[in-house]
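If you use my numbering, the sequence shown corresponds to residues 174 to 379, in order.
Backbone N, C-alpha and C define an ideal beta-carbon position, used for all residues, glycine too.
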Amino acid sequence: MSNSVLEKGCARTGEGMLFIVSAPSGAGKTTLCRELLTRFPEMKLSISHTTRAMREGEVDGVDYHFVDGDLFDSMARQGRFAEWAEVHDNCYGTGIERLEELRMAGVDVLLDIDYQGADQIRSNYGHGIFVFILPPSVEELERRLRGRGTDRPEVISRRIDNARFEMDQASRYDYIIVNDELPVAFEQFRSIVIAEHCRARRVVTP
Ligand code: 5GP
């Protein structure tokens with residue numbers, strides 16, 4: 174039995190909400206998303222399909238569904254993605270079946286996707302809560318990426334160039350969290366979810 178604050182108070186109406194979270198790599202998005210899912214266990218993470226090679230420690234079906242280019246292309250052609258995009262030379266997509274199944278069952282879904290995918294969800298669904306996570310500065314982002322040690326230097330340089338562009342997209346989101354201190358950023362993230370649950374149109378009044 175979950176003890177989440179989201180399950181207390183008034184009953185809620187309708188379909189699950191889509192929480193779309195984007196950030197340049199190194200902004201701390203993965204940590205924040207993990208914390209959020211621990212705090213709100215009734216929320217589910219959308220597990221994307223990707224053509225990217227598996228990194229050490231990653232698990233197929235948990236971190237991503239790792240697929241080859243041919244399978245990804247055929248899924249895209251068959252309209253089996255709610256959105257998909259090319260990010261850092263690899264393809265990433267959100268499977269539509271699982272997303273719809275959860276949403277229609279009233280389950281909130283967290284989508285960790287880039288700004289191109291967020292644009293597609295915005296236009297395909299017409300709703301969703303869009304959250305952008307920013308690092309405190311580009312210098313700090315660079316320090317975090319190098320410290321992580323998971324990517325080659327040239328990959329890191331490209332990610333930093335991309336980050337500058339991605340950060341310019343933040344103003345198109347509903348909420349911006351600057352992840353300077355993790356506990357503060359997490360409180361902000363958590364508060365967004367709680368506030369969205371209290372929207373008048375989502376609550377069945379007694
Ligand atoms: P990484 O390779 O570091 O796991 O992810 C690289 C980027 O791809 C991240 O910005 C992540 O948000 C994005 N991404 C992951 N899954 C998806 C997806 O299904 N669709 C889109 N558009 N982007 C994704």
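- Taking 7 Å as the cut-off, the C-beta of Tyr265 counts as close to a heavy atom of ligand 1.
- Taking a C-beta distance under 8 Å as the contact criterion, Gly290 and Glu256 qualify as a contact pair.
- Taking the C-beta atoms as reference points, Leu284 is found no nearer than 8 Å to Val366.
- No Cβ-Cβ contact shorter than 8 Å links Leu218 with Arg363.
- For the pair Thr186 and Ile269, the Cα-to-Cα distance works out to about 22 Å.
- In this structure, the alpha-carbon of Ala226 lies about 17 Å from that of Glu327.
- About 6 Å separates the beta carbon of Ile329 from that of Arg319, a gap short enough to meet the 8 Å contact definition.
- In the three-state scheme derived from DSSP, where H, G and I count as helix and E and B as strand, Gly266 is classed as strand.
- About 7 Å separates the Cβ atoms of Val304 and Phe192, confirming a contact at the 8 Å cut-off.
- Following the DSSP letters along the chain, one finds Phe303 inside the beta strand (DSSP E) bounded by residues 302–307.
- Across the structure, Asp353 and Thr323 are spaced so that their CA atoms are roughly 21 Å apart.
- Taking the Cβ atoms as the reference, Ile333 lies roughly 18 Å from Val351, outside the contact range of under 8 Å.
- If you draw a 10 Å sphere on the C-beta of Ala368, you find fewer than 16 other C-beta atoms in it, and that means exposed.
- Taking non-hydrogen atoms of ligand 1 into account, the C-beta of Ala258 is found less than 7 Å away from one of them.
- For Asp334, the uninterrupted alpha helix (DSSP H) run begins and ends at 326–340, by DSSP.
- Counted as a single uninterrupted DSSP element, the alpha helix (DSSP H) harbouring Val311 occupies residues 311–321.
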